[in-house]
Every structure is written in structure tokens, then in C-alpha cells.
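S.K.: Chains as they are written, first to last, in numbering that gives the first Met the number 0: chain A, 0 to 205; chain B, 0 to 254.
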Amino acid sequence: MNRPGLAQDILSLTGEHFVLVLISMGLAIAIGLPLGVLLTRKPLFKGWVLGFANVMQTVPSLALFGFLIPIPLIGGIGKRTAIVALILYALLPLLRNTLVGILGVDPAVRESAVAMGMTPRQLLWQVELPLAAPTILAGVRVATVTTIGTATIAAAIGGGGLGVFIFRGIASVDTTQILAGAVPAAALALLSDGGLGWIEKRFSVA
Amino acid sequence: MSAPAAVEFRNVSFRIGSHQILDNLNLALTSGETVVLLGRSGSGKTTALKMVNGLVFPTSGEVLVDGRATTSWDLIALRRSIGYVIQEVGLFPHFTVGENVGLVPRLEGWPPERVGNRSRELLAQVGLDPLQFLDRRPRQLSGGQRQRVGVARALAADPRLLLFDEPFGALDPVTRVELQDQFLALRNQLHKTSLFVTHDVREALRLGTRIALLDRGRLEILATPEEFLRSREPQTRAFLAVLDLGAQTIADESE
């Protein structure tokens, strides 16, 4: 057993895992939040988009990674495919919480804002988003924690990350390897949950 | 040629599907007066009020503000020039009292120092100590204090007219009278044209220079409080019966 080698591996794979999650969540937020805001303006598409996000969430994660491989441009083996899959997974909580947060703003407050002469843009940035922030952040938190877990499956399609340990451990019936993947993943999830929870609290109305 | 009415409803009707909410409403407010729209729930009074600041548009007829139809106004500019106070107050919970009051001036791009001064001045005017209240959050206020802030916010950018939608409806009777007194004091001081919606006949008699009684979307009676009290119309009697009931109870108790 070469312990120093394992520690080194844990460190570098945790880093890779973290970057994978960071990129996926960054892109998912960049897509999910504006899309969510758009859906509050165009309720016509709400059913379709939420339905799509819902279906994505119900596809077993291993299968979703598999489905993406043959698709041109976004598919193939490697990180890119893994990131696409993770984005699809994260979308539902982000979309839903953005919608719920914004639609949950007290109608009297919204009416006042409009009646005071706020433009739609001012209404969004000065009233709706600040008031929806705790709910939206709760969505980000749920999505992040899930993504950290799901990202372990990325290794199955060559996406790297802590899943590499887990898959290797399963193949060689080596509990140490499995733990080397699972424990840092769990720690990462707990840390993110705590950190985002703290931010969420700071955004709540005093 | 006289100056155009501050607000004029001209043959205004509003319907949703087959439901007639306003039926050929004609009403003109002259500058400086307070017209109270009195009516039961569903009489169309709130709808009429919301037509003035363009939250609702007539399905036929037009509403004119300073002689111009609301449909031809720049709505953002129109709304910023009209103070609006509603029963739920609708203060922004993530803003301090000062930020709430200074909202419209800020939207209008006043320099921060002037906004601050204006907020302090208005809080004092509605009977709240600026030092004590400026930095509080709406949730730290009582119902009456919140509504005072709501009134201050409506007055902030020195609006051409004020709209009130049952502003004191959710307050306890004592606070309600205090705020009505405040309203009267402010009116004597500022001479703002106001349109005031209520279902409370006492409030209408106290605050209105004229009372417009709406019933199922129709303007039934337009009268000064004195005329209203003397009126023998069944519609007015129905509202005044509330007062008689009060007087009766007092008479009964003193027997």
C-alpha cells in the first residue's frame, strides 16, 4: 500500500470533482435563472419547460450519461458530456425555485411597485429578485448538493472526479478505494450545503 | 374655457366577459377636492380607482388625467406623478422605512441627499419621528405606523393627485380615526386632489368633499356629505342605516 500516493490521488481527484461541479453549476445557473425569470413573464411555456426539466430529473443518472454519448456535439466520452448531464439534472430545482420565489412575492408589494412607476426591469431587479433571493438560493443549494453526488457517476463515461475511486473500488472489491471516493464527496457536499445555507440566511429579509 | 378636470371619467365601462363591472361612469374631479367612491364590495369602485393610474383600462370610454386620456400617457411618468395608497400598504419588506418613502424620488433620479431630506420631512409630516423610524424595517412597525409610511411614500414626489384604496380598512377603530385626522390635516396643508375608495359611510362623510355612491358599476348618487345625509334615496338610506343603528344602540343604552 502506498499511502502517500493515495493521498495525492484523493487531493487531485477531489479538485477535479470540484471543478466539474463548479462548471456544471455555473452553467446551470446561467441557464436556469434567466429561464426561470422568463417563465414568470411567459407562463404559456411554463408547463413545457418544467415538464422537460421534470423528465430529465426522473431519468436514472447512469442512463442519462449513457444516452448522451451518441449525441453529436454535446456527446462523446469525457468531461463535456458529463457537464451536459449534470446541467440537465440541476435545472429542475433552479427553475422551480426561481419561479416559486418570484411568483411568491406578495401581490400587494408587486402592485405597489408597478403603481409607483417602476419599469418592468426595476420591478425585477429591485423588488422581485431581492425578495425571491432566499428561495432561489435554496434551489442553488439543493442543486449543488445533488450535483456533487451525481458527479461521481461522471467517471463512468470518462469524466473523471471522485467517481474514479468508486468505480475502481467496485471493480476490484476494494472498500478503501470506495471510501476514498465517497468520503471526500460527502465532505464536499456538507461544506457546500453549509456555505450556501449561510449565504441564504444573509439574504433573508431581516 | 375652464381648466380641464384633474381627473375625468368619460362614459367609462369595464367588463370581463359578460360581467359588467363599470357601467357608463361619468365623473369629474376638480382640483383640490376629495371625492370618495363609496360602495359595497363588487360595486366597481376599486376598478374605477385603478383606471386613474393605468393599472386597468376601460373597455369603452376613457379616463382623463389633466385632460389627457390614460391611454395616451407615458404610464411610467403618469404613475410616478400619482400617489397610491392601498389597504395592504404594500411596503417593500427588504427596504428600510426611509428607502420605502424615498422610492419614487430615487426612481426619478433625485440626488441621495435630497431624497434623504425629503424622507425625513415626510415622516415628520405623517407623525413619525424620523430619527426613530428611518432605519426600521416595515415588519417592525404596527399596522397604523405602516399605513403612515404608506401615505408618506405616496406623497414623496409631490404628486399631482392621490389615490386611496380603503387605506384604513384593516386598522382598529381608534387608529383609523387617528389616520383620518392625519389625512384631513394633510389635505388642509397640501390641497391635493384625492380619489378615495371606501365601503365605510362614516369615513366617506368625514373625508369626502363629495361622495360618489357606486352600485353594481353604476354611479347612483353624487352628492356633498350634507346632501348625502339628507338624501331620501333608498341607496343612501341603506348606507346611512349603519349610522342610525349606531345612534339607536346609544339611545337604547342610555335609556
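For each residue, glycine too, the CB sits at the ideal point set by N, CA and C.
Between residue 0 (chain B) and chain A, is there a C-beta pair that is closer than 7 Å?
M.R.: On the second sequence, residue 0 (chain B) is found 1 positions in, with the first residue counted as 1. Its pLDDT being 49, under 50, residue 0 (chain B) is placed unreliably in this model, and the coordinates cannot settle the point.
S.K.: Determine contact between the segment 174 to 181 of chain B and the segment 133 to 150 of chain B, defined as no fewer than three beta-carbon pairs at a distance below 8 Å.
M.R.: Result yes; three or more Cβ-Cβ pairs closer than 8 Å.
S.K.: Hey, residue 54 (chain B) and residue 196 (chain B): beta-carbon distance below 7 Å or not?
M.R.: Indexing the second sequence from 1 puts residue 54 (chain B) at position 55. Indexing the second sequence from 1 puts residue 196 (chain B) at position 197. Against a cut-off of 7 Å, the Cβ pair of residue 196 (chain B) and residue 54 (chain B) comes out as no contact.
S.K.: Residue 60 (chain B) lies in the beta strand (DSSP E); which residues open and close that run?
M.R.: As a working note, residue 60 (chain B) is residue 61 in the second sequence. 59 to 64 is the extent of the beta strand (DSSP E) around residue 60 (chain B).
S.K.: Can you tell me the Cα-Cα spacing of residue 139 (chain A) and residue 32 (chain A), whole angstroms?
M.R.: Counting from 1 along the first sequence, the entry for residue 139 (chain A) is found at position 140. Counting from 1 along the first sequence, the entry for residue 32 (chain A) is found at position 33. When rounded, the distance between both Cα atoms is 10 Å.
S.K.: Which value, in whole angstroms, describes the spacing of the CA atoms of residue 46 (chain B) and residue 20 (chain B)?
M.R.: As a position in the second sequence, residue 46 (chain B) is number 47, starting the count at 1. As a position in the second sequence, residue 20 (chain B) is number 21, starting the count at 1. When rounded, the distance between both Cα atoms is 8 Å.
S.K.: Return the CA-CA distance between residue 185 (chain A) and residue 109 (chain A), expressed in angstroms with no decimal places.
M.R.: To locate residue 185 (chain A), count along the first sequence from 1; it is residue 186. To locate residue 109 (chain A), count along the first sequence from 1; it is residue 110. Approximately 41 Å, taken between the alpha carbons.
S.K.: If you run the structure through DSSP and keep just helix, strand and coil, what is residue 82 (chain B)?
M.R.: As a first step, residue 82 (chain B) is located in the second sequence; it is residue number 83 there, counting from the start. In the structure shown, residue 82 (chain B) sits in a strand (DSSP, three-state: E or B).
S.K.: Report the start-end ranges of each alpha helix (DSSP H) in the segment 99 to 152 of chain A that is 4 residues or longer and not cut off at the edges.
M.R.: Here the runs fully enclosed are 106 to 114 and 128 to 149.
S.K.: Could you list the residues in the segment 87 to 113 of chain B with a C-beta less than 8 Å from some C-beta on chain A, going in chain order?
M.R.: So the close ones are 87, 88, 89, 90, 91, 92, 93, 102, 103 and 106.
S.K.: Can you list the residues of chain A that residue 78 (chain B) reaches, using a CB-CB cut of under 9 Å?
M.R.: The sequence position of residue 78 (chain B) within the second sequence is 79, counting from 1. Here the neighbours are 113, 114, 115, 116 and 117.
S.K.: Residue 122 (chain A) touches chain B at which residues, Cβ-Cβ below 7 Å?
M.R.: One-based indexing of the first sequence puts residue 122 (chain A) at position 123. Near residue 122 (chain A) there are no residues of chain B at all, since even the closest Cβ is about 11 Å away, more than 7 Å.
S.K.: Where DSSP assigns a beta bridge to residue 15 (chain B), which residues make up the other side?
M.R.: For the purposes of this step, residue 15 (chain B) is taken as residue 16 along the second sequence, with counting starting at 1. DSSP output for residue 15 (chain B) lists B:18 as bridge partner(s).
S.K.: Taking the alpha carbon of residue 74 (chain A) as the point to measure from, which residue in A:158, A:6 and A:170 has its own alpha carbon closest?
M.R.: Sequence index remark: in the first sequence, residue 74 (chain A) carries index 75 (1-based). Comparing Cα positions, the closest option is A:158.
S.K.: At a Cβ cut of 7 Å, what residues of the segment 26 to 60 of chain B count as close to chain A, listed as they run along the chain?
M.R.: So the close ones are 52 and 54.
S.K.: Which value, in whole angstroms, describes the spacing of the CA atoms of residue 55 (chain A) and residue 46 (chain A)?
M.R.: Along the first sequence, read from residue 1 onward, the residue named residue 55 (chain A) stands at position 56. Along the first sequence, read from residue 1 onward, the residue named residue 46 (chain A) stands at position 47. Their backbone Cα atoms lie some 14 Å apart in a straight line.
S.K.: Name the chain A residues whose beta carbon is nearer than 7 Å to that of residue 75 (chain B)?
M.R.: The count along the second sequence starts at 1 and reaches residue 75 (chain B) at position 76. What residue 75 (chain B) touches in chain A: 116 and 118.
S.K.: Does the separation of the CB atoms of residue 21 (chain A) and residue 52 (chain A) fall below 7 Å?
M.R.: Here the question's residue 21 (chain A) lines up with position 22 in the first sequence. Here the question's residue 52 (chain A) lines up with position 53 in the first sequence. No. Outside cutoff.
S.K.: Specify, as a first and last residue, the run of the beta strand (DSSP E) that residue 186 (chain A) falls within.
M.R.: For this step, residue 186 (chain A) is matched to residue 187 along the first sequence. No beta strand (DSSP E) contains residue 186 (chain A), which is instead part of the alpha helix (DSSP H) from 174 to 202.
S.K.: For residue 206 (chain A), go through chain B and note every residue whose CB falls closer than 7 Å to its CB, in chain order.
M.R.: Within the shown structure, residues of chain A are numbered from 0 to 205, placing residue 206 (chain A) beyond reach of any answer.
S.K.: Using a C-beta to C-beta distance shorter than 8 Å, which residues of chain B count as neighbours of residue 108 (chain A)?
M.R.: Taking the first residue of the first sequence as position 1, residue 108 (chain A) is located at position 109. Residues of chain B passing the Cβ test: 89, 90, 91 and 92.
S.K.: Are at least three pairs of beta-carbons, each pair with one atom in the segment 8 to 18 of chain A and one in the segment 146 to 163 of chain A, less than 8 Å apart?
M.R.: Yes, the segment 8 to 18 of chain A is in contact with the segment 146 to 163 of chain A.
S.K.: Report the residue from B:90, B:102 and B:131 whose alpha carbon sits nearest the alpha carbon of residue 149 (chain B).
M.R.: Within the second sequence, residue 149 (chain B) is the residue found at index 150, counting from 1. Out of B:90, B:102 and B:131, B:90 has the C-alpha closest to the C-alpha of residue 149 (chain B).
S.K.: Considering only their Cβ atoms, is the gap separating residue 166 (chain A) from residue 179 (chain A) smaller than 7 Å?
M.R.: Position 180 of the first sequence, counted from the start, is the residue given in the question as residue 179 (chain A). Position 167 of the first sequence, counted from the start, is the residue given in the question as residue 166 (chain A). No, Cβ-Cβ distance for residue 179 (chain A) and residue 166 (chain A) is not below 7 Å.
S.K.: How would you list, in chain order, the residues of chain A whose beta-carbon sits under 9 Å from the beta-carbon of residue 85 (chain B)?
M.R.: Translated into the one-based positions of the second sequence, residue 85 (chain B) becomes position 86. By Cβ distance, chain A contributes 107, 110, 111 and 114.
S.K.: Which of the three DSSP states, helix, strand or coil, is assigned to residue 192 (chain B)?
M.R.: For the purposes of this step, residue 192 (chain B) is identified with residue 193 of the second sequence, where counting begins at 1. Note: residue 192 (chain B) maps to strand in three-state DSSP.
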